[in-house]
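Peer 1: Its first residue numbered 9, the sequence shown is counted upward by one per residue in my numbering. Virtual Cβ for every residue (Gly too), placed ideally from N, Cα, C.
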Amino acid sequence: MDKQPLSKSRLLNFIHTGDLITFHWCMCRKRQQQLTDLSKVISHSADGFYYVLIPLALLLVDTTSAQLAFIALGAAFCIERPLYALLKKGLKRNRPADILKDFHSFITPSDQFSFPSGHTSGAFLSATVVATLVPALFWPAYIWACLVGASRILLGVHFPTDTLAGA
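1) Do Ser-159 and Ser-51 have their beta-carbon atoms positioned less than 8 Å apart in this structure?
2) Check whether the Cβ atoms of Ala-84 and Leu-141 sit closer than 8 Å, and answer yes or no.
3) Helix, strand or coil: which one does DSSP assign to Leu-21?
4) In terms of residues, what are the limits of the alpha helix (DSSP H) holding Arg-89?
5) Tell me whether Gly-98 is buried or exposed, calling it buried when 16 or more other Cβ atoms sit within 10 Å of its Cβ.
6) Taking the alpha helix (DSSP H) that His-52 belongs to, which residues open and close that run?
7) Three or more C-beta pairs closer than 8 Å, one from the stretch 86 to 98 and one from the stretch 64 to 72: is that the case here?
8) Select from Phe-111, Val-156, Ala-153, Gly-82 the residue whose C-alpha is nearest the C-alpha of Leu-28.
9) Helix or strand or just coil, what does DSSP make of Pro-63?
10) What do you get for Gln-41, buried or exposed, if any count of 16 or more other CB atoms within 10 angstroms of its CB means buried?
11) Once the 5 residues before and after His-166 are set aside, which same chain residues still bring their CB inside 6 Å of it?
12) I think Gly-174 touches Pro-104, with their Cβ atoms under 8 Å apart; what is that distance to the nearest whole Å?
13) Out of Val-138, Pro-168, Thr-25, which has the shortest C-alpha to C-alpha gap to Ala-80?
14) My output table needs one value for Ala-131: the three-state DSSP class, helix, strand or coil.
15) Buried or exposed: which applies to Asp-170, given that a residue is buried once 16 or more other Cβ atoms fall within 10 Å of its Cβ?
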């Protein structure tokens with residue numbers, strides 16, 4: 009028996025269906041106020057202006073690492089932010105609250121479109137810089153970045169593939 013190759017539209021439909029199932033599963037776990045509050049704190053920790061604090065925090069570890077972090081983060085964000093904006097405005101994927109009937113996110117998103125997650129991309133970019141400069145911080149940095157992505161889903165402002173693309 010011959011199997012038909014997976015067409016592009018079938019693949020995209022499969023991915024979208026998986027996204028919806030995973031999103032709904034996450035939303036079923038959102039009924040706990042403590043989880044919502046924690047998700048808000050984690051998500052807020054990835055707001056853009058906090059990235060300036062990374063080199064300052066690294067001053068406690070090593071002046072050279074702090075200087076390199078400032079340069080590396082600046083250069084990386086100069087590449088990442090325009091790419092993020094280009095994808096976001098080019099693909100124009102609506103957010104869960106705009107697609108799902110009777111659904112409201114737990115926070116107001118920072119912009120109109122969903123794909124990719126800017127909070128997640130910024131968190132993973134920062135985690136990569138920190139882990140490269142201070143290898144002892146590898147696990148804490150990437151665990152934080154993963155938690156940022158999860159928080160964006162749990163707050164209802166992103167689908168899982170938005171955060172995967174951001175990572």
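Peer 2: Walking through what the data contain:
1) yes
2) no
3) Note that residue 21 is Asn in the sequence shown here, rather than Leu. Helix, per DSSP.
4) 71 to 99
5) exposed
6) 41 to 52
7) no
8) Phe-111
9) helix
10) exposed
11) Ser-122, Ser-125, Arg-160
12) In fact, because the Cβ distance is near 15 Å, the residues do not count as touching under 8 Å.
13) Val-138
14) helix
15) buried
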